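Chains A and B, in that order, are what the protein sequence lines are.
Residue 425, in the numbering used here, is where the first sequence stops; the numbers in between run on with no holes.
Residue 1425, in the numbering used here, is where the second sequence stops; the numbers in between run on with no holes.
Glycine included, C-beta positions come from ideal geometry on N, C-alpha and C.
These numbers were taken from a predicted model, which means no experiment stands behind them.
Worksheet: one structure, shown below.
There are 2 protein chains.
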Amino acid sequence: MSITEQIARRERVLGSAPLFYKEPVHIVRGEGVWLFDIDGKRYLDMYNNVPCVGHANLLVVEAMQQQMGTLNVHSRYLHEGILDYAERLLDLHGDALDSIVFACSGTEASEIALQMARYGTGGRGIICTDAAYHGNSTEVAKMSLISRSKQVIDSDFRAIPFPQTYRPLHAGVAGPELTQLYLNEVQAAIDDFASNNIPLAGMFVCSILANEGLPDIPPGFMSQAAELVHTAGGVFIADEVQAGFCRSGDWWGYETSDFIPDIVTMGKPMGNGLPLSGVAASAELVASFRSNTRYFNTFASSPLQAAVGMAVLDAIEDENLLKSSAQLGDYLRSELKTMQHKCNAIAEVRGCGLFVGLEWVSDRSKKTPDREGAVRVANSMKEKGFLLSNAGARGNVIKIRPPLVFQKDHADLFLTAFDEMLGEI
Amino acid sequence: MSITEQIARRERVLGSAPLFYKEPVHIVRGEGVWLFDIDGKRYLDMYNNVPCVGHANLLVVEAMQQQMGTLNVHSRYLHEGILDYAERLLDLHGDALDSIVFACSGTEASEIALQMARYGTGGRGIICTDAAYHGNSTEVAKMSLISRSKQVIDSDFRAIPFPQTYRPLHAGVAGPELTQLYLNEVQAAIDDFASNNIPLAGMFVCSILANEGLPDIPPGFMSQAAELVHTAGGVFIADEVQAGFCRSGDWWGYETSDFIPDIVTMGKPMGNGLPLSGVAASAELVASFRSNTRYFNTFASSPLQAAVGMAVLDAIEDENLLKSSAQLGDYLRSELKTMQHKCNAIAEVRGCGLFVGLEWVSDRSKKTPDREGAVRVANSMKEKGFLLSNAGARGNVIKIRPPLVFQKDHADLFLTAFDEMLGEI
């Protein structure tokens, strides 16, 4: 069946479900950092964070087979696997996060975190950024503004301009003064809630502002924003669905961005492809959530989630992926920075760990975002056998985010091809 | 580690997550309809609908291992597995349901269905029953009234008394007249939305009213309610998360309850334990949902979901589980009815297919619900090695819902033990 026929068939049964690339790829096999299409063409995966320990990772496949062949039931029976996994995961966080609720998707984790913040504080108001994405349920979509019109923002949510140094809130302002400008926005949101008699529940942000486009965050913003929120009676929620599990070069993005959250959501790479997510918080916040909601999730906290989640942690530790995420990410950024000389379109090389963002512009002095250019780069690199994408508030940030098992020789293959592509476009 | 110690450890890391039974069971292994605890004690599973083709089903384990060892990526690349699965699943529904959106959990399916109904009709108002459960997200919880106070119902939702013959809306009314009384409630909800300028989106019900307690539904109620909703511009949504996949003795609960839905949600047994859910509807409704939401779910529509979902359908068909669900369910009900003579507590033996509900009362003439009695039965049967539970609007309905691979000799083991238990309590 041709690609065109397959797209038509897909449209018939799934509707206009999103697809990548001008000519989509038809992937049939994966192994480590490699994906193979139906014609045997090999692609270096520079996009997928879910298979963090590699496509078809043996440890994960074995854990899944072993557990599914032994037992997989819901969580209203006792099972030690989920307790072992929960304790190991919580040990990777600070002492303040000592309890956890499991779920299946990032959206479900965001739902739990929202409800936990609201029940825990007695408030309703949530501050988010104006280009965030936290999921797709009715309530969570209200703070997923990257896919919404800002005009429809719900009365219980306030969006602040996402903090960044590249296009600062006021032109020419930098450093601590810029931090203060963004903090003023947080305070204004808090004050606006107060004047509308909407008690604050908290602030909800991705620790590294991934969907916003991985901006350099003005120094101290996150920790000082958390202070403002605490002073006003709210909690600070870190969305680690993209940032977590060594992606940022630290175990958690909140370490990279230097703040301490009250609630942490986790997802995507957590099960290397098995639907698995979770929300860590203090025992008090979890207790309040539990008593107010009687929350139960048929598929979560299961022996299968525990076994697979554990295998992912094993693989990350066995293969030293924390260290290699930090080192190879720095290597990629440093090499990509040398390419800025010959390519004016690359206005900034940003990111942390194995998560790189390239700000793609048509005019560097005017900082004119070039979304079409970024899309062309993604399509051109795909033709060369490298899968990446574009993202960010303006869609003009090239998003490079390979599985964590990515190695230096993979980086060099990519850099050579990327350099070649720059000469062609 | 003792049960007490394990409960304390669980409380520390998971908070007060719900547990079954006065003394919870510590299950370590499953096979077919059997579960085994850490001491090797064997339990006949009379509760779990998720492992519909049996605990540790080989076809499912193999499909999972095979697909996870080959490829598992998100759905923005082409993959034929999900199209094959989607088409096969849609073929099991009527022609009007020709498009599908996949997700991970029942809650996510309910969210999609809600959003689809609202975007598709331009309305907001949703009619549900007063003892429904459709999931736990902020919006879906508003129509999950079995776990909420009726007083907090949101302005966009109206709850009608769930239709039943056992405790009819007006004492002494039965047959078509009773159906009309419940239809009047639907019409009143429609009228109330209209008078509050809330345009109707639709009505959302479990096809067999499982959480309500599997009542006998007054004849014709569902199809006539759907007509009223259609006339008022709404859509009729069947929650098949519990009812579907041969549970009711038909492929779908809406066949058993004799109506044609516009939107169908599916979940629980769909992946035999892999998080997998979906929403089937007309191409028009799916298109409207897609264009309004740009919905994407990281873990859904994946090669893994497709392979496992397909293996479940294979197992259901290979083992003729549709037929055996209908036959063994009837056998169970007929044998249990004979026990009503010696046990006044069993006021009604209800249900469809392998889903049996026993209305447990302390006084049969006054129909006094006896929740504590039902809980005692569940605990007593657990001690005898049979896992079941209590459910329903008043918590007094004994819920018997074994995996579909349940056979006649299992039924006889259960019936003997149940009869024995009746003599003891």
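Query raised in the report: Nearest to phenylalanine 20 of chain A by CA position, among A:Ala300, A:Phe414, A:Glu139 and A:Val375, is which residue?
Result: Along the first sequence, read from residue 1 onward, the residue named residue 20 of chain A stands at position 20. With distances taken between Cα atoms, phenylalanine 20 of chain A lies closest to A:Val375.
Query raised in the report: Which value, in whole angstroms, describes the spacing of the CA atoms of aspartate 314 of chain A and proline 403 of chain A?
Result: Within the first sequence, residue 314 of chain A is the residue found at index 314, counting from 1. Within the first sequence, residue 403 of chain A is the residue found at index 403, counting from 1. Rounded to the nearest angstrom, the two C-alpha atoms are 16 Å apart.
**Report entry** Touch test, the region 1315-1328 of chain B against the region 1086-1101 of chain B, Cβ-Cβ under 8 Å, three pairs minimum
**Finding:** Proximity of the region 1315-1328 of chain B to the region 1086-1101 of chain B falls short of the contact definition, fewer than three beta-carbon pairs being nearer than 8 Å.
Query raised in the report: Does the beta carbon of methionine 1064 of chain B sit closer than 9 Å to a beta carbon anywhere in chain A?
Result: Here residue 1064 of chain B refers to the residue found at position 64 of the second sequence. Yes, because at least one Cβ of chain A sits closer than 9 Å to the Cβ of methionine 1064 of chain B.
**Report entry** leucine 200 of chain A, buried or exposed, once every other Cβ within 10 Å from all chains shown has been counted against 16
**Finding:** By one-based count along the first sequence, residue 200 of chain A stands at place 200. Leucine 200 of chain A sits buried, since 16 or more C-beta atoms from the chains shown fall within 10 Å of its C-beta.
Query raised in the report: Interface residues of chain A around threonine 1298 of chain B at Cβ under 8 Å?
Result: Here residue 1298 of chain B refers to the residue found at position 298 when the second sequence is read from its first residue. Residues of chain A passing the Cβ test: Val50, Ser105, Gly106, Gly267 and Lys268.
Query raised in the report: For chain B, is any of its Cβ atoms less than 9 Å away from the one on serine 99 of chain A?
Result: For the purposes of this step, residue 99 of chain A is taken as the residue at position 99 of the first sequence. Serine 99 of chain A counts as touching chain B.
Report task. Specify, as a first and last residue, the run of the beta strand (DSSP E) that threonine 1138 of chain B falls within. Result -> The residue given as residue 1138 of chain B occupies position 138 in the second sequence. No beta strand (DSSP E) holds threonine 1138 of chain B; DSSP gives it neither H nor E.
Query raised in the report: For a contact meaning CB atoms closer than 7 Å, what does glutamine 1506 of chain B contact in chain A?
Result: For residue 1506 of chain B there is no data in the structure shown, the boundaries of chain B being 1001 and 1425.
Query raised in the report: What separation, rounded to the nearest whole angstrom, lies between the Cα atoms of proline 1161 of chain B and valine 1235 of chain B?
Result: The sequence position of residue 1161 of chain B within the second sequence is 161, counting from 1. The sequence position of residue 1235 of chain B within the second sequence is 235, counting from 1. Straight-line measurement puts the Cα of valine 1235 of chain B at about 19 Å from the Cα of proline 1161 of chain B.
Query raised in the report: Taking 9 Å as the CB-CB limit, is threonine 70 of chain A close to chain B?
Result: In the first sequence, residue 70 of chain A corresponds to position 70, counting from 1. Yes, its Cβ sits closer than 9 Å to a Cβ of chain B.
Query raised in the report: Is threonine 121 of chain A helix, strand or coil when you go by DSSP?
Result: The residue given as residue 121 of chain A occupies position 121 in the first sequence. The three-state reading of DSSP puts threonine 121 of chain A in helix, counting H, G and I together.
Query raised in the report: If you draw a straight line from the C-alpha of valine 1279 of chain B to the C-alpha of leucine 1285 of chain B, how long is it?
Result: The count along the second sequence starts at 1 and reaches residue 1279 of chain B at position 279. The count along the second sequence starts at 1 and reaches residue 1285 of chain B at position 285. If I take the Cα positions, the gap works out to 11 Å.
Query - Interface residues of chain A facing isoleucine 1263 of chain B [CB-CB closer than 9 Å] - result: Here residue 1263 of chain B is taken as the residue at index 263 of the second sequence, counted from 1. Under the 9 Å cutoff, chain A gives no residues; its nearest Cβ is about 13 Å from isoleucine 1263 of chain B.
Requested in this report: To the nearest angstrom, report how far apart threonine 1338 of chain B and cysteine 1352 of chain B are at their CA atoms.
Outcome: Here residue 1338 of chain B corresponds to residue number 338 of the second sequence, with the count starting at 1. Here residue 1352 of chain B corresponds to residue number 352 of the second sequence, with the count starting at 1. C-alpha of threonine 1338 of chain B to C-alpha of cysteine 1352 of chain B: approximately 17 Å in a straight line.
Report task. Just the C-alpha distance for glycine 1094 of chain B and methionine 1222 of chain B, rounded to the nearest angstrom, thanks. Result -> Taking the second sequence and counting its residues from 1, one reaches residue 1094 of chain B at position 94. Taking the second sequence and counting its residues from 1, one reaches residue 1222 of chain B at position 222. Computed Cα separation, rounded: 17 Å.
Query raised in the report: Taking just the CA atoms, how far does proline 1261 of chain B sit from arginine 1118 of chain B?
Result: Reading the second sequence from its first residue, position 118 is the one you call residue 1118 of chain B. Reading the second sequence from its first residue, position 261 is the one you call residue 1261 of chain B. Their Cα atoms are separated by approximately 15 Å.
Query raised in the report: Per DSSP, phenylalanine 41 of chain A is paired with what?
Result: The count along the first sequence starts at 1 and reaches residue 41 of chain A at position 41. For the sequence presented, residue 41 of chain A should be read as lysine rather than phenylalanine. Answer is none; lysine 41 of chain A lacks a bridge partner.
Query raised in the report: Which of the three DSSP states, helix, strand or coil, is assigned to histidine 410 of chain A?
Result: As a first step, residue 410 of chain A is located in the first sequence; it is residue number 410 there, counting from the start. Three-state result, histidine 410 of chain A: helix.
**Report entry** Residue nearest to serine 105 of chain A in terms of C-alpha spacing, selected from A:Asp239, A:Gly120, A:Pro303 and A:Ser288
**Finding:** Here the question's residue 105 of chain A lines up with position 105 in the first sequence. Comparing Cα positions, the closest option is A:Asp239.
Report task. Using the DSSP secondary-structure output, state which residues sit across from alanine 103 of chain A in a beta bridge. Result -> Counting from one through the first sequence, the residue named residue 103 of chain A turns up at place 103. BP columns for alanine 103 of chain A point to A:Ser277.
Query raised in the report: When you compare only the Cα positions, how much space is there between lysine 150 of chain A and leucine 1387 of chain B?
Result: As a position in the first sequence, residue 150 of chain A is number 150, starting the count at 1. As a position in the second sequence, residue 1387 of chain B is number 387, starting the count at 1. At lysine 150 of chain A, the pLDDT of 47 sits below 50, so the modelled position is not reliable and the matter cannot be decided from this model.
Report task. Going by CA-CA distance only, name the one from A:Leu228, A:Phe296, A:Trp252 and A:Met143 that's closest to tyrosine 133 of chain A. Result -> Walking along the first sequence from the start, residue 133 of chain A turns up at place 133. Of the listed residues, the one whose Cα sits closest to tyrosine 133 of chain A is A:Met143.
**Report entry** For aspartate 363 of chain A, the first and last residue of its enclosing beta strand (DSSP E)
**Finding:** One-based indexing of the first sequence puts residue 363 of chain A at position 363. For aspartate 363 of chain A, the enclosing beta strand (DSSP E) has its first and last residue at 355-363.
Query raised in the report: Whole-angstrom Cβ separation of glycine 1267 of chain B and valine 1229 of chain B, contact assumed at under 8 Å?
Result: The sequence position of residue 1267 of chain B within the second sequence is 267, counting from 1. The sequence position of residue 1229 of chain B within the second sequence is 229, counting from 1. The pair is not a contact, with the Cβ atoms about 23 Å apart (cut-off 8 Å).
Report task. Label arginine 247 of chain A either buried or exposed according to how many other C-beta atoms from any shown protein chain fall within 10 Å of its C-beta, with 16 as the threshold for buried. Result -> Counting from one through the first sequence, the residue named residue 247 of chain A turns up at place 247. Arginine 247 of chain A is buried by the Cβ-count criterion.
Report task. Look at the Cβ atom of alanine 1189 of chain B, then the Cβ atom of proline 1218 of chain B, and state whether they are nearer than 9 Å. Result -> As a working mapping, residue 1189 of chain B is identified with position 189 in the second sequence. As a working mapping, residue 1218 of chain B is identified with position 218 in the second sequence. Taking 9 Å as the Cβ cut-off, alanine 1189 of chain B and proline 1218 of chain B do not qualify as a contacting pair.
Query raised in the report: What's the gap between the Cα of leucine 71 of chain A and the Cα of tyrosine 1043 of chain B?
Result: By one-based count along the first sequence, residue 71 of chain A stands at place 71. By one-based count along the second sequence, residue 1043 of chain B stands at place 43. Just so you know, the alpha carbons of leucine 71 of chain A and tyrosine 1043 of chain B end up roughly 13 Å apart.
Query raised in the report: By how many angstroms is the C-alpha of proline 275 of chain A removed from the C-alpha of threonine 107 of chain A?
Result: For the purposes of this step, residue 107 of chain A is identified with residue 107 of the first sequence, where counting begins at 1. For the purposes of this step, residue 275 of chain A is identified with residue 275 of the first sequence, where counting begins at 1. Distance between the alpha carbons of threonine 107 of chain A and proline 275 of chain A: 11 Å.
Query raised in the report: For asparagine 297 of chain A, which residues from the same chain have a beta carbon less than 6 Å from its beta carbon, with the 5 sequence-adjacent residues on both sides left out?
Result: As a working note, residue 297 of chain A is residue 297 in the first sequence. Once the five neighbours on either side are set aside, the close Cβ partners of asparagine 297 of chain A are Ala103.
Query raised in the report: Grouping DSSP H, G and I as helix and E and B as strand, with all else coil, what is serine 1288 of chain B?
Result: Position 288 of the second sequence, counting from 1, holds the residue named residue 1288 of chain B. Reduced to three states, the DSSP call for serine 1288 of chain B is helix.
Query raised in the report: If leucine 1415 of chain B and lysine 1342 of chain B are in contact, beta carbons under 8 Å, what's the gap, nearest whole angstrom?
Result: Counting from one through the second sequence, the residue named residue 1415 of chain B turns up at place 415. Counting from one through the second sequence, the residue named residue 1342 of chain B turns up at place 342. In fact, because the Cβ distance is near 13 Å, the residues do not count as touching under 8 Å.
Report task. Using beta-carbon positions only, say whether phenylalanine 245 of chain A and proline 269 of chain A come within less than 9 Å of one another. Result -> On the first sequence, residue 245 of chain A is found 245 positions in, with the first residue counted as 1. On the first sequence, residue 269 of chain A is found 269 positions in, with the first residue counted as 1. Yes, they are a contact pair.
Report task. Provide the residue(s) that pair with glutamate 1031 of chain B in DSSP beta bridges, ordered along the chain. Result -> Counting from one through the second sequence, the residue named residue 1031 of chain B turns up at place 31. B:Trp1034.
Query raised in the report: From which residue to which residue does the beta strand (DSSP E) around valine 1349 of chain B run?
Result: Locating residue 1349 of chain B in the second sequence gives position 349, counting from the first residue. First-last of the beta strand (DSSP E) with valine 1349 of chain B: 1346-1352.
Query raised in the report: Contact check, histidine 74 of chain A vs valine 1050 of chain B under 8 Å by CB: the rounded distance?
Result: Here residue 74 of chain A refers to the residue found at position 74 when the first sequence is read from its first residue. Here residue 1050 of chain B refers to the residue found at position 50 when the second sequence is read from its first residue. At roughly 7 Å, the Cβ-Cβ gap stays under 8 Å, so histidine 74 of chain A and valine 1050 of chain B are in contact.
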